[in-house]
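Trainee:
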Amino acid sequence: MNLYVTRHGQTQYNIENRVCGISDVELTDTGRKQASAVAKKLKGKQIDVIIVSPLKRAQETAAIINQVVGTQVIVDPRLQEINFGKYEGFKNKNRGFKKTKKNHGFHYPGGESYFQVIHRVYQLLDEIKQTYPHQNVLLVCHGGIVRTIYTYFHDISNHDLYHYLPENCCLDYYQL
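Going by numbering that gives the first Met the number 0, the residue at position 47 of the sequence shown is 46; the numbering climbs one at a time, nothing skipped.
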């Protein structure tokens, strides 16, 4: 099985360096162009299914990609970005946000912990391996989810994980 993973295209929150989490924002024109570029990279890869987060920015990215790959799209809430609780919309430089981000067991006030995100994403990846053992799957999700998927396949220190943020519309590839 081949697993492709991409983060959604650019949003206004990305431009403003705001914590986006479950805030349901749309792509910018640049974000739409980034999604089109990913679609071109995937053309000819025989994507059998796209699994996407329910948030608008990921849905729009998946729709743009699917105009080229033309396959089944499944929405799965486990690909939704981490719920940053009271920090949604804050600037990323907020001290409380940064402290919580470094401590994976801490819950964002009114949100969830990174350990909760790991649990739901790893569960989904295990299901994908069982359900699509001989197919090519594309996941369209968010920065925190791309980071989590990376930890499923690679060992990474807490320090490196804290500093790792995938670019908008990056394209990662894993063989299962």
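The beta-carbon is built from N, C-alpha and C at its ideal position, and this holds for glycine as well.
For the alpha helix (DSSP H) containing residue 75, name the first residue and the last one.
Mentor: Unbroken run through residue 75: none, as it is neither H nor E.
Trainee: Among 4, 7, 152, 119, which residue has its Cα nearest to the Cα of residue 76?
Mentor: 119
Trainee: Give me, in chain order, the residues of the same chain whose beta-carbon lies closer than 7 Å to that of residue 37; leave out the 5 immediate sequence neighbours on both sides.
Mentor: 5, 64, 168, 170
Trainee: Going by the DSSP bridge assignment, what does residue 173 pair with across the sheet?
Mentor: The partner list for residue 173 (beta bridge, DSSP) reads 2.
Trainee: Quick check on residue 7: buried or exposed, where buried means 16 or more other Cβ atoms within 10 Å of its Cβ?
Mentor: buried
Trainee: Do residue 116 and residue 81 have their CB atoms nearer than 9 Å?
Mentor: yes
Trainee: For residue 44 and residue 135, what's the separation of their Cα atoms in angstroms?
Mentor: 8 Å
Trainee: In angstroms, rounded to a whole number, what distance separates the CA positions of residue 70 and residue 94?
Mentor: 43 Å
Trainee: Quick one, are the C-beta atoms of residue 87 and residue 19 less than 9 Å apart?
Mentor: yes
Trainee: At 4 residues or longer, what runs of the alpha helix (DSSP H) sit wholly inside the stretch 18 to 90?
Mentor: 28 to 41, 55 to 68
Trainee: Let me confirm a value: residue 156 is counted as buried when at least 16 other C-beta atoms fall within 10 Å, else exposed. Which label applies?
Mentor: Classification for residue 156: exposed.
Trainee: Cα-Cα, which of 133, 175, 149, 21 is closest to residue 83?
Mentor: 21
Trainee: Taking the alpha-carbon of residue 102 as reference, which of 145, 161, 175, 16 has the nearest alpha-carbon?
Mentor: 161
Trainee: I believe residue 3 touches residue 54 by the beta-carbon criterion, under 8 Å. Please report the beta-carbon distance rounded to the nearest angstrom.
Mentor: The pair is not a contact, with the Cβ atoms about 19 Å apart (cut-off 8 Å).
Trainee: Give the secondary structure of residue 106 by DSSP, where H, G and I count as helix, E and B as strand, and everything else as coil.
Mentor: strand
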